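A.B. asks:
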Amino acid sequence: MTKKQIQEKIAFTVLTMTMFMVVIPTLLIIGYIIYKGIGTISWEFITAMPRKGMREGGILPAIVGTIYLVMGTIILALPLGVGSAIYLTEYAKQGKVTRLIRLAIMNLAGVPSVVYGLFGLGLFVYFLNIGTSILAGALTLACLILPVVITASEEALKSVPQSYREASLALGATKLQTIQKVVLPFAMPGILTGAILGIGRAAGETAPILLTVAAFFLPRLPKSIFDQAMALPYHLYIISTQVPNMPQGIQYGTALTLLGLVSIFFMLATVIRIKFKMANRA
Amino acid sequence: MSKISVKDLNLFYGDFQALKNITLNIEEKKVTALIGPSGCGKSTFLRSLNRMNDLIDGVKIKGDLKLEEQDIYQKDVDVVALRRRVGMVFQKPNPFPKSIYENVAYGPRRYGIKTRKQLDEIVEKSLKKAALWEEVKDRLSKSALGLSGGQQQRLCIARALAMEPEVLLMDEPTSALDPIATAKIEELIVELKKEYTIVIVTHSMQQAARISDETAFFLMGEVVEVDTTQKIFTKPRDKRTEDYVTGRFG
Numbered sequence: 001m002t003k004k005q006i007q008e009k010i011a012f013t014v015l016t017m018t019m020f021m022v023v024i025p026t027l028l029i030i031g032y033i034i035y036k037g038i039g040t041i042s043w044e045f046i047t048a049m050p051r052k053g054m055r056e057g058g059i060l061p062a063i064v065g066t067i068y069l070v071m072g073t074i075i076l077a078l079p080l081g082v083g084s085a086i087y088l089t090e091y092a093k094q095g096k097v098t099r100l101i102r103l104a105i106m107n108l109a110g111v112p113s114v115v116y117g118l119f120g121l122g123l124f125v126y127f128l129n130i131g132t133s134i135l136a137g138a139l140t141l142a143c144l145i146l147p148v149v150i151t152a153s154e155e156a157l158k159s160v161p162q163s164y165r166e167a168s169l170a171l172g173a174t175k176l177q178t179i180q181k182v183v184l185p186f187a188m189p190g191i192l193t194g195a196i197l198g199i200g201r202a203a204g205e206t207a208p209i210l211l212t213v214a215a216f217f218l219p220r221l222p223k224s225i226f227d228q229a230m231a232l233p234y235h236l237y238i239i240s241t242q243v244p245n246m247p248q249g250i251q252y253g254t255a256l257t258l259l260g261l262v263s264i265f266f267m268l269a270t271v272i273r274i275k276f277k278m279a280n281r282a
Numbered sequence: 001m002s003k004i005s006v007k008d009l010n011l012f013y014g015d016f017q018a019l020k021n022i023t024l025n026i027e028e029k030k031v032t033a034l035i036g037p038s039g040c041g042k043s044t045f046l047r048s049l050n051r052m053n054d055l056i057d058g059v060k061i062k063g064d065l066k067l068e069e070q071d072i073y074q075k076d077v078d079v080v081a082l083r084r085r086v087g088m089v090f091q092k093p094n095p096f097p098k099s100i101y102e103n104v105a106y107g108p109r110r111y112g113i114k115t116r117k118q119l120d121e122i123v124e125k126s127l128k129k130a131a132l133w134e135e136v137k138d139r140l141s142k143s144a145l146g147l148s149g150g151q152q153q154r155l156c157i158a159r160a161l162a163m164e165p166e167v168l169l170m171d172e173p174t175s176a177l178d179p180i181a182t183a184k185i186e187e188l189i190v191e192l193k194k195e196y197t198i199v200i201v202t203h204s205m206q207q208a209a210r211i212s213d214e215t216a217f218f219l220m221g222e223v224v225e226v227d228t229t230q231k232i233f234t235k236p237r238d239k240r241t242e243d244y245v246t247g248r249f250g
């Protein structure tokens, strides 16, 4: 073998190994949680209230709480994020101001989530007097995922060929019509990718909801968005650290349920994404 | 009769002057070809006729540009209405990723035409005018992206015609097409000039000679010479025009 061929071989081997080093832990985590948790999953576990200090029964209120939170977060963050991305890419004059705004957005993505929690507690819970509630939590989580949604939406909008915009405008369409009928449909799959990433974060975050929504133990379903609620990640934290003599199965069952729930959200978003992709090809 | 009359038009991209004192009349229901080497400003000029240059940041335009009696750069001009009167076909075929039908119906729909019957009529009429109807009438609901390049370009022409414009601007409409598709588009242009005023930018001298009635030769942002196509190609007044059309440079 020549030197170059050896270099090729080494590079290929190293790169393959790095790939496995990323994939294997992920598979191990998922596999381990399924292995330890699958035994606990039952109809009762996902549809019943917790009993005996959460050591028995189900985790329904936490599931419902997380569903409400994720939906609320997406409903708040998606229009806001897509709206600001449209403004930034389609309307704003590109220059110092937009560069500064983009920098700020990128920095926001790096702020630790517990800081968002504190911010939500201060602004939504106390100052706006919404109180510890699903609404306050969804608002806080929306702030948290906004940078992701905006950045992904901006990338998606930028990937729309300029020739489509020109064609539409040359046909006497207004700018708004062009955005509605040509730009947004084409950008939708990319925007939904941002939404999917956002869903993942919103469903999994513990610190923000700890400060703004979560109830330690609340064996009933929330009646309105102004109610406190349980949520899966916080519930998982509590039953893993705060409750003595907790059966391990319930912990892993809860983790598995959270994974499953997030997967269902992902699949929903992916189905919508594929629908738009197909429409763009048709 | 002049459909478009341009007087002392100057256009700047920031500090760079792309068009210098352009004075040019475009005759109604004739084909006017704009020729010249790359970067001479012919496309820029074309795009100032339907104000597509407005989309670019930092463009400044001075001078008179009249469509019939209307100065199209006056403040109160409705650009959307202007673009309905002055349609455009681009260099690269750019159908929307929608069905053939929806591509043609796009303009009329934005204009507010909603009934299926009216749209059906417009779509059929426009596709017939663009000599595409026979080829696509059985697959109107199929994606426009499945058409060949030449068909896509004729679809783009049909899409522009659906707005019933008075002027049709074409920016090198055949430069991305093979010779057979090019011939079809050229035939179409000759047919269309019965009803429309056509301005076409072209890199191909033969094309200008074949299809145009008037030719304007652009060089470095200026119009060197404008005359009937026959005169430009047989008895040009300017030495530079002669050099260009005989292929000595450019």
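Protein sequence lines, in the order shown, are assigned to chains H and E.
With this note's numbering, letter number 165 in the first sequence gets 165, and the count goes up by one each step, no holes.
With this note's numbering, letter number 167 in the second sequence gets 167, and the count goes up by one each step, no holes.
Using N, Cα and C, we set each Cβ at its ideal position, and we do this for glycine too.
Given the structure is predicted, the values throughout are model-derived calculations rather than measurements.
#1: Three Cβ pairs or more, each shorter than 8 Å: is that satisfied between the stretch 198 to 216 of chain H and the stretch 126 to 146 of chain H?
#2: What residues from the stretch 48 to 64 of chain E come within 8 Å of chain H, judged by C-beta to C-beta, listed N to C?
#3: Can you look up E:I35 in the DSSP assignment and give me helix, strand or coil?
#4: Could you check what DSSP says for E:E27 in three-state terms: helix, strand or coil?
#5: Just the chain H side, please: which residues come within less than 8 Å of E:G107 by C-beta, in chain order?
#6: Taking one C-beta from the stretch 158 to 174 of chain E and one from the stretch 200 to 207 of chain E each time, how about it: are there three or more such pairs within less than 8 Å?
#7: If the cut-off is 7 Å on Cβ atoms, which residues from the stretch 152 to 164 of chain H count as contacting chain E, listed in chain order?
#8: Do H:G58 and H:V243 come within 8 Å of each other at the CB atom, strictly closer than that value?
#9: Roughly how many angstroms separate the alpha carbons of E:I332 and E:M88, rounded to a whole number?
#10: Against chain H, with Cβ distances strictly below 8 Å, would E:F218 count as a contact?
#11: Is the stretch 165 to 172 of chain H touching the stretch 65 to 85 of chain E, taking contact as three or more C-beta pairs under 8 Å?
#12: Name the DSSP beta bridge partners of E:L19, please?
#13: Of all the CB atoms in chain E, is at least one closer than 8 Å to the CB of H:A167?
#14: Is it buried or exposed for H:T2, if we count other Cβ within 10 angstroms and need 16 for buried?
#15: Could you check what DSSP says for H:I179 in three-state terms: helix, strand or coil?
#16: So, at 7 Å on beta carbons, what are the nonlocal neighbours of H:E154 in its own chain, with the 5 sequence-adjacent residues on each side left out?
#17: Can you tell me whether H:V148 is buried or exposed, with buried defined as 16 or more other CB within 10 angstroms of its CB?
#18: Going by C-alpha distance, which of E:M1, E:D71, E:S38 is nearest E:R51?
#19: Checking contacts by CB at 8 Å: is H:N280 closer than that to chain E?
#20: Using a Cβ cut-off of 7 Å, pull out every chain E residue sitting near H:F186, in sequence order please.
#21: What is the DSSP secondary structure of E:E191, counted as helix, strand or coil?
#22: Could you work out which residues of chain E lie near H:K93, taking near to mean beta carbons separated by less than 8 Å?
#23: Leaving out the 5 sequence neighbours to the left and right, which residues in its chain are closer than 6 Å to E:K42 when beta-carbon positions are compared?
#24: Residues of chain E with a CB under 7 Å from the CB of H:Q177: which are they?
#25: Mind reading off the beta-carbon distance from H:I30 to H:L259? Whole number of angstroms is fine, and I expect it under 8 Å.
#26: When the cut-off is 8 Å and only beta carbons count, does E:G41 lie next to chain H?
#27: Alpha carbons only, please: which of H:W43, H:I67, H:K275 is nearest the one belonging to H:L261?
#28: Buried or exposed, going by whether 16 or more other CB atoms sit within 10 Å of the CB of E:P93?
#29: Restricting to Cα atoms, I'd like to know which of H:L141, H:A202, H:M17, H:L69 is closest to H:D227.
#30: Do the stretch 11 to 28 of chain E and the stretch 273 to 282 of chain H meet, that is, are 3 or more Cβ pairs less than 8 Å apart?
#31: In whole angstroms, what separates the C-alpha of H:A255 from that of H:T47?
#32: Name, please, each residue of chain H whose Cβ falls closer than 8 Å to the Cβ of E:A87.
#33: Would the stretch 1 to 15 of chain E and the stretch 53 to 71 of chain E be scored as touching if the rule is three or more Cβ pairs under 8 Å?
#34: Give me whichever residues DSSP pairs with E:V6 in a beta bridge.
#35: Looking at the secondary structure, which residues open and close the alpha helix (DSSP H) in which E:D227 lies?
#36: Within 8 Å (strictly less), CB to CB, does E:N94 reach chain H?
C.D. replies: According to the structure shown:
#1: yes
#2: N50, M52, L55, D57
#3: strand
#4: strand
#5: L171, G172, A173
#6: yes
#7: S163, Y164
#8: no
#9: Past the boundaries of the shown model lies residue 332 of chain E; chain E is included only from 1 to 250, so the question cannot be answered.
#10: no
#11: yes
#12: E:L11
#13: yes
#14: exposed
#15: helix
#16: A85, L88, T89
#17: buried
#18: E:D71
#19: yes
#20: P97
#21: helix
#22: D57
#23: L34, G36, V201, F218
#24: R110
#25: 7 Å
#26: no
#27: H:I67
#28: buried
#29: H:L69
#30: no
#31: 16 Å
#32: Contrary to the premise, residue 87 of chain E reads as Gly rather than Ala in this sequence. What E:G87 touches in chain H: A170, L171.
#33: yes
#34: E:L24, E:L65
#35: That residue, E:D227, is in no alpha helix (DSSP H); its beta strand (DSSP E) goes 222 to 228.
#36: yes
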